[in-house]
Amino acid sequence: MMIIVVEGISAAGKTTWCKSHGQSNLIPETFPADRKAQPLTGIETAQYWTDWNAKRWGDALQMERGKGLAICDTDPLKLHYSWCLCQIGALPKRQWELQLQATRTALQEKQLGFADAYFVKVIDYQTAKQQCEEDTCRVRDRFELHFRLQPFLVHWYELLEKALGGRVLLTLPDDGLPPDVIPLNELRYDINVFDRFVSSLEGKTK
Numbered sequence: 141m142m143i144i145v146v147e148g149i150s151a152a153g154k155t156t157w158c159k160s161h162g163q164s165n166l167i168p169e170t171f172p173a174d175r176k177a178q179p180l181t182g183i184e185t186a187q188y189w190t191d192w193n194a195k196r197w198g199d200a201l202q203m204e205r206g207k208g209l210a211i212c213d214t215d216p217l218k219l220h221y222s223w224c225l226c227q228i229g230a231l232p233k234r235q236w237e238l239q240l241q242a243t244r245t246a247l248q249e250k251q252l253g254f255a256d257a258y259f260v261k262v263i264d265y266q267t268a269k270q271q272c273e274e275d276t277c278r279v280r281d282r283f284e285l286h287f288r289l290q291p292f293l294v295h296w297y298e299l300l301e302k303a304l305g306g307r308v309l310l311t312l313p314d315d316g317l318p319p320d321v322i323p324l325n326e327l328r329y330d331i332n333v334f335d336r337f338v339s340s341l342e343g344k345t346k
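This is the structure:
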């Protein structure tokens with residue numbers, strides 16, 4: 141029984157990796173159809189995104205129960221996105237705090253949780269830009285913004301590595317990774333680990 145998260149900025153190649161190594165176990169990155177109609181800030185917006193993230197986590201749990209393994213294209217928790225935006229001044233600190241509160245409640249209620257392993261792709265600008273331009277199947281009109289987030293995304297998962305004790309790999313393994321080499325995560329819904337992790341971010345939060 142295992143949930144693996146694959147992360148990286150837009151055009152990093154995470155979706156390609158997921159399809160190559162786990163198509164039958166894939167929880168794709170998806171978005172609610174009415175997302176563009178939502179306000180950018182406010183407690184209802186924070187809850188809206190937390191509910192969607194919880195849906196994806198629920199999909200991962202269902203896949204894990206049915207097939208023993210779920211591979212998530214992007215982290216269902218996805219709290220890192222608000223934090224990273226806050227770091228570059230693209231999201232008010234208050235909205236990050238609201239998203240944090242909503243996510244913390246969801247984790248306490250076991251509607252969101254920590255995965256068993258995280259594979260995070262770090263990519264240089266030119267390679268990412270080339271892959272973005274060559275992919276005609278998707279519109280990536282926020283590529284430049286997402287590339288600015290990469291240093292903070294990496295720092296987030298470096299700190300999560302410390303919090304969870306060895307579950308983050310800053311690469312996408314070329315040959316995949318056999319699930320049986322990853323120990324089960326007994327901290328999946330541990331609120332104390334979550335709080336310590338968030339505290340470790342405070343020195344970087346604007």
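So for the sequence shown, the numbering used here puts the first residue at 141; every next one is plus one. Quick reminder that beta carbons are idealized off the backbone N, C-alpha and C, glycines included.
8 Å Cβ shell around residue i - same chain, five flanking residues per side excluded
i, result
"I331", "R244, L247, Q248"
Nearest neighbour of residue i, chosen from the options [CA to CA]
i, options, result
"H220", "G208, Q235, G206", "Q235"
"T190", "L240, P232, Q202", "L240"
"L231", "G182, R307, A242, W197", "G182"
"L317", "E326, F254, A210, E169", "A210"
"L309", "R336, E326, K261", "K261"
"A173", "A186, W192, I167", "W192"
"Y258", "A194, D213, S164, G198", "D213"
"G286", "E326, D264, G305, L300", "A quick correction: the sequence has His, not Gly, at residue 286. Of E326, D264, G305, L300, the residue nearest in Cα terms is D264."
"K207", "E237, L289, M142", "M142"
"G198", "A255, K302, R175, G162", "A255"
Residue i in three-state terms, based on DSSP
i, result
"D199", "helix"
"I322", "coil"
"E298", "helix"
"F259", "strand"
"L217", "coil"
"L317", "coil"
"K327", "Before going further, note that residue 327 is Leu rather than Lys in the sequence given. L327: coil per DSSP, three-state reduction."
"R282", "coil"
"P291", "helix"
"L341", "helix"
"A268", "helix"
Same chain, Cβ closer than 6 Å to residue i, neighbours up to 5 away in sequence not counted
i, result
"D215", "V145, E147"
"Q271", "A151"
Residues that residue i bridges to, as DSSP identifies them
i, result
"V145", "C212, Y258"
"V308", "Y258"
Q | Any alpha helix (DSSP H) of 4 or more consecutive residues that is wholly inside the region 156-213 | A | 183-207
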